[in-house]
Amino acid sequence: CPSSPKHPSTPSEKCGVLNVTKITENGKKLRKNWTSSWTVLQGFSLLFAKGQGSSTSWKFGSNQSKPEFTVDLRGASVEWASKEKSSKKHVIELKTRQGAELLIQSEIDSVINDWYRALTETISTHAWE
Ligand code: I3S
Numbered sequence: 450c451p452s453s454p455k456h457p458s459t460p461s462e463k464c465g466v467l468n469v470t471k472i473t474e475n476g477k478k479l480r481k482n483w484t485s486s487w488t489v490l491q492g493f494s495l496l497f498a499k500g501q502g503s504s505t506s507w508k509f510g511s512n513q514s515k516p517e518f519t520v521d522l523r524g525a526s527v528e529w530a531s532k533e534k535s536s537k538k539h540v541i542e543l544k545t546r547q548g549a550e551l552l553i554q555s556e557i558d559s560v561i562n563d564w565y566r567a568l569t570e571t572i573s574t575h576a577w578e
């Protein structure tokens, strides 16, 4: 991953393109809206930039493109989503302590497995406590 221009000494830990939809926000159910997002895992934050598709350049630091949204992974949980949650394959369900639920998906087995591992490792370190 390219490092953030604002924090050049802090490389992002993982990045790539994933399909993502929020399904719950503040405990309230939302209508699914799958979008392809450039996704960056950095520390205990997961950042999504909408509409950058397969772009591999870091754009979060520029004025034009802020992260579409950021998820705080501290105290979050990650599991493989049940078939009831989505008909797609390789779907991760991420629940935050703030009451948001997201589905994260990739058609590519190895890609989604790597993300699953990275997310569970990040969450299970409890290094923020
Ligand atoms: O859980 P749902 O409602 O079956 O989710 C599907 C819908 O969001 C659908 O959009 P609309 O019903 O708003 O047109 C999406 O196109 C599907 O991708 C959603 O289901 P999957 O199983 O792909 O998550």
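Using full-length UniProt numbering, the first residue of the sequence shown is number 450, and each one after it goes up by one.
Don't be surprised by glycine CBs; every beta carbon is placed ideally from N, CA and C.
For clarity, every value in this text was computed on a predicted model and none was experimentally measured.
> Does the beta carbon of residue 478 fall short of 7 Å from some heavy atom of the ligand I3S?
Replying inline: Locating residue 478 in the sequence shown gives position 29, where the first residue counts as 1. False, no ligand heavy atom lies under 7 Å from that Cβ.
> Below 8 Å between beta carbons: does that hold for residue 542 and residue 550?
Replying inline: For this step, residue 542 is matched to residue 93 along the sequence shown. For this step, residue 550 is matched to residue 101 along the sequence shown. Yes, Cβ-Cβ distance for residue 542 and residue 550 is below 8 Å.
> When a residue counts only if its C-beta is closer than 5 Å to some heavy atom of the ligand I3S, which residues count, in chain order?
Replying inline: 481, 535, 536 and 537
>> Strictly under 8 Å for the Cβ-Cβ distance: is residue 530 near chain C by that measure?
In response: The structure shown contains no chain C; it holds only a single protein chain.
>> Excluding the 5 residues flanking residue 504 on each side, which residues of the same chain have their C-beta closer than 7 Å to its C-beta?
In response: What you label residue 504 is simply residue 55 of the sequence shown in a count that begins at 1. The pLDDT assigned to residue 504 is 49, lower than 50, so where the model puts this residue is not dependable; a value taken from the coordinates is nonetheless given after this. Taken in chain order, the residues that qualify are 487.
>> Output needed for residue 481: all residues of its chain with C-beta closer than 7 Å, excluding positions within five of it in sequence on either side, in chain order.
In response: As a position in the sequence shown, residue 481 is number 32, starting the count at 1. Answer for residue 481: 470 and 472, listed in chain order.
> Would you call the CB atoms of residue 527 and residue 557 closer than 8 Å?
Replying inline: Start at 1 with the first residue of the sequence shown, and residue 527 comes out as number 78. Start at 1 with the first residue of the sequence shown, and residue 557 comes out as number 108. No, these two residues do not count as a Cβ contact at 8 Å.
> Where do the N-terminal and C-terminal ends of the beta strand (DSSP E) with residue 422 fall, by residue?
Replying inline: Nothing can be reported for residue 422, as the shown portion of the chain is limited to 450 through 578.
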